[in-house]
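Down below is the structure, laid out as structure tokens.
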Amino acid sequence: MKLINKSMLTVLITLSTASVYYAQETQDTVKTKSKDIEEVILQGVTDIAKDRKTPVAASTIKAAQIVERLGNQELTEILNTTPSVYATKSGGGFGDGGITMRGFESRNIAVMVNGMPVNDMEGGSVYFSNWTGLADVTSFMQVQRGLGSSKLGIASVGGTMNFITRTSDMKKGGVVRLGVGNDDYLKTSFAYNTGKSENGWSTSFLTSRTSGGTYIDNTDFESYAYYFALGWEPNKKHNFQFTLTSSPQWHDQRTFAPTIANYIRFNPDNDNTPYRQYNSDFGYKTGANGDRYAIANRSNYYAKPVMMLNWDWTMNEKSKLSTVLYMSNGRGGGTGDLGSYWTGKFNSSGNPTTTNINSYRGTDGTFNYDQIFALNNGLNAGAPYQVTDPVTGKVSTVRDGIVRRASVNSHNWYGILANFQHKVNDNLSFSVGTDNRYYYGYHYQVVSDLYNANSYKEALNANVAPYNVTNAYDYKKLSWNPFGGKTAPISDQVGYSNDGEVLWYSGFAQVEYTKDKLSAFLQGSVSNQSYQRIDNFVKDGVTIQQGQAVNTKTGFKDLLGYNVKGGANYNINDYHNVFANIGYYSKQPFMNSVYPSNLQVLNPSLTNEKIFSAEIGYGFRSPKLTANVNLYRTEWKDRWLRRSGQVFDVADSTTPTGVSTVNGYSEISGITQLHMGVEVDAVYKPFHFLEFQGMLSYGDYQYKGNATGTNFDDNNNPVAVVGTKTTNTLYLDGVKVGGSSSNSIPQVTASLGATIRPVRDLNIYGTWRYVGKLYSSIDAATFTTVANQERGSLQLPDFNLFDIGASFKIRLKNTAQYFTIGANVYNLFDTTYIADGATNNFVKNVGDFKTNTNTDAQAQALYNTYINNPANFYKGIDTSNRVFFGFGRTWAANLSFNF
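One gets the numbering used here by counting positions in the sequence shown from 1 and adding 107 to each.
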């Protein structure tokens, strides 16, 4: 049921609720001069790049452009006209979008809010669904591609994204906004700013509610955002800013990428075209009244409140100290299925065979929950019992029942960031500082829906006797506690329960030199990351893993890392400038490579990842034309990668084909990547009412040398894919770089846009965007042969998209009051395209049909049948590939009133 059908009272409540914001939000314009940015915030630890001074490739997006053009898109999609940036909606759930920059994914892009790092401290991930309120409170966002100018010890391999929120002391005013869009999208918000009082106090408020669905079937969502800022400037020497923000939300998801064949098979129009909205991660249950209602198997829920206290102390004309204290106690997780049913059969090894939730689907490709509820009726799901294979006599333990679990990924995160700046003279300055953090992550599962079972039996906790769980956690019940709140008791935890503890200490320093036309910097940082894994289901000193007794707590493993980088910019004259930068990172690996395979055993071959990057650039500035050209090269050695969400083909003698599928993950080590490219972007204003924007980026991203991959099922057991071993050499040398999840990486992007202002306050704009050389994600099962290495990563079809929009401001007699009306249409021509690929299933040749038991003629006959069947292919690729299609035509409109 779409949430817009809820009482319109929600709209009235939201519009009348006080909230935090900044006053000038839509008074900014897309053409605001960069000087305005300096007036907003160029202090503290934000490290904002300055045009024709900071030697990095940077792009800045103003608040007005976000408000005008974002609509119901993902926040990161506003960057799709930025060189070397590719942002998609991924599975299509609210806030589930992904982004790559220069071929590197978000976990290797430093994401910051007001200069504060927000990448997950265990795995580097950024979940933008936790930050949906950023679109409402961002003054501007700056993307620095490559090394970036941040002084912190962060590994910005691909680049840096810094969201700068408005300070509380902006001028007095407010805004009320209503937004609507396709699939019952509805957003309401209210914001007000008091301005600064005579005593130096200022306050800002914002609250918003967003609900509806996305283009994908059964992706309903509900999201709230609140923001509060309190500022105090007692004198010219001291400025204090306190902010509190959070975006509690839940949303139903599509996390599994279906095969192209299934998109076509389950198209209700039966016209042999892909049904792009198809979602295989939900199903239907028949109610008592005979009506069907939807149940989501996959969903996400989270609340990540963040508190920050900034203190800027101007000691004297030459010295300044900026300090940030911050805290974030996030609570939430994601749901999915847990359990299986024994089929009553055994394989040739005497092991019992089971069926998971994918075995229970209806004719429309969704889960048949009537079957699952019937099988669970009266069942103590998960209760273990023993069965004996009559052939081999082997005794095994099986557990029947499928429930929905919620995998919790909560955390407590505290940090302090301090930066001392000193101006030695008119030409030379330096800064030193420290970035210290403490992180404790809670990882466990709880029951979210018993699916008609009486209870769920948990038998994996080695510290207690098996226990029954009856408490089911409702993922739509949001957390509003700004301090996080409680975690679930151990008596409710199922599946696994482990914690991650991270200590981070770092120091950094920078020297800057500026004289006449030259500006240069040299900076470096040293950091120590300490990781400890705590497994609450392990029996301390008794449980055996990989042949050794393990403890509940591993103890801390210290990993030292560092980086050094420098650069210079030279302004040839008022029109031309050139710059260059170079840097080296010794980057500590993430937690899951320190303790791989979800075990307590330390990785014996642990090593830092090494990144070397160099870049040169040219800029041109004139009253009508602004242009930039950048060339870059980045090499990344000793990368360790965990590839989750895998589906493996394994030998199974109980099936007609002799093969069955197992869900699991791969761990790949020893990866080397080389990324090179050129970027061009320009803005041309031939007249005051007409502006053109353009961008082209061309990259060459490929792997160097080979790597090693090991496959595991979801229970951490090694898996041998048909025709391979559990651990294999991956022949990757020269293969194009693909994603590490169900995502793709393009090597060519381009865009052209135009904005026309035919009359005052009317903007009409359109954008064409091209994506090419788009490569699917890699996996540890494909590249185990030289033959597949020569085929390379699967290249997906190129595509072109067009967006249009318009906005109009209606001014009132009071110049501080005006209405703004806006509308956007995305993918104007309803183009069908593949945005992300999850597999590398190549078009088969005759050799793929040869076996030890058939003849060449038989192989040829099989090949002929395959190649002559058009149902096996879609735009030149095999329809067995799992992909995410991009959204079709969508739209959004908004109305706001500023006062």
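No residue lacks a Cβ here, since even glycine has one placed at the ideal position from N, Cα and C.
Decide yes or no for the touch test of the segment 951-970 against the segment 923-934: beta carbon pairs closer than 8 Å, at least 3 of them. no
From which residue to which residue does the beta strand (DSSP E) around glutamate 722 run? 716-728
Look at the alpha carbon of serine 851 and the alpha carbon of serine 213, and state the distance between them as a whole number of angstroms. 12 Å
DSSP state of asparagine 680 mapped onto helix, strand, coil: coil
Looking at serine 514 and glycine 614, is the spacing between their C-beta atoms short of 8 Å? no
Considering only the alpha carbon of each residue, which of Gly469, Met422, Lys411, Gln965 lies closest to tryptophan 520? Lys411
Among Asn710, Tyr692, Tyr691, nearest to serine 700 - alpha-carbon criterion: Asn710
In whole angstroms, what separates the C-alpha of valine 502 from that of aspartate 496? 7 Å
Three-way DSSP call (helix, strand, coil) for lysine 142 in this model: For lysine 142, the predicted structure reports a pLDDT of 43, less than 50, and the residue's modelled location is therefore unreliable. A value from the coordinates is still provided. Of the three classes helix, strand and coil, the one that applies to lysine 142 here is helix, per DSSP.
By the three-class DSSP mapping on this structure, what secondary structure does glycine 806 have? strand
Leaving out five residues on either side along the sequence, give the residues of the same chain with a beta carbon under 7 Å from the beta carbon of threonine 450. Thr460, Thr461, Thr462
Output the distance between the C-alpha atoms of leucine 567 and alanine 1000, rounded to the nearest integer angstrom. 51 Å
Report the residue from Thr997, Lys392, Thr946 whose alpha carbon sits nearest the alpha carbon of phenylalanine 909. Thr997
Selection from Asp647, Thr661, Tyr408, Ser191 that minimises the alpha carbon distance to arginine 640: Thr661
If you follow the beta strand (DSSP E) that threonine 421 is in, where does it begin and where does it stop? 413-421
Whole-Å CB distance - phenylalanine 247 paired with alanine 170, under 8 Å assumed: 6 Å
Can you check which of these residues, Lys731, Ser429, Gly841, Ala656, is closest to asparagine 417 by C-alpha distance? Ser429
Given threonine 733, which residues of its chain have a CB within under 6 Å of its CB, disregarding the five upstream and five downstream residues? Val790
According to DSSP, which residues form a beta bridge with arginine 640? Gly607
Tell me the DSSP secondary structure of valine 990 in three-state form. strand
As a quick exercise: from Asp444, Asn895, Asp419, Lys584, pick the residue whose alpha carbon is nearest that of aspartate 556. Asp444
Local conformation of serine 236 per DSSP, three classes: helix
Assuming the contact rule is C-beta atoms closer than 8 Å, arginine 857 and methionine 802 should be a hit. Round their C-beta distance to whole Å, please. Strictly speaking, residue 857 in this sequence is alanine, with arginine absent from that position. Sure, about 6 Å apart at Cβ, within 8 Å.
Within 10 angstroms of its Cβ, does serine 1003 collect 16 or more other Cβ (buried), or is it exposed? buried
For tyrosine 882, tell me which candidate among Gly846, Phe906, Leu781 has the shortest Cα-Cα distance. Gly846
Tell me, to the nearest whole angstrom, how far the beta carbon of glycine 439 is from that of glutamate 229; I am working on the premise that it is less than 8 Å. Contact flag wrong, Cβ pair sits at about 15 Å.
For threonine 272 and aspartate 143, the rounded distance between their alpha carbons: A caution first: aspartate 143 carries a pLDDT of 41, below 50, which makes its placement in the model unreliable, though a value can still be read off. Computed Cα separation, rounded: 14 Å.
So within the segment 275-349, which uninterrupted beta strand (DSSP E) runs reach at least 3 residues, ignoring any that extend past its ends? 280-288, 292-300, 308-319, 328-339
Just verifying my parser: in three-state terms, what is the DSSP assignment at proline 497? coil
Can you find the residues in the same chain that come closer than 6 Å, C-beta to C-beta, to valine 127, ignoring five residues on each side of it along the sequence? Legend: pLDDT at valine 127 = 29, less than 50; position of this residue unreliable, value from coordinates given subsequently. Excluding sequence neighbours, valine 127 sits near Ser311, Phe312, Leu313, Tyr334, Phe335, Ala336.
Report the three-state DSSP secondary structure of glycine 954 (helix, strand or coil). helix
With distances taken Cα to Cα, identify the nearest neighbour of tyrosine 545 among Ser900, Asn570, Asn635, Asp507. Asn635
State the CB to CB distance for the pair methionine 223 and leucine 610, rounded to an integer number of angstroms; the pair is presumed to be in contact (CB under 8 Å). Contact flag wrong, Cβ pair sits at about 18 Å.
Return the residue from the list Trp743, Thr189, Thr317 that minimises the CA-CA distance to aspartate 243. Thr317
For chain B, find out if any of its Cβ atoms is closer than 8 Å to the Cβ of glutamine 630; answer yes or no. Of the chains in the structure shown, none is chain B; there is only one protein chain.
Collapsed DSSP secondary structure at serine 900 in the structure displayed: coil
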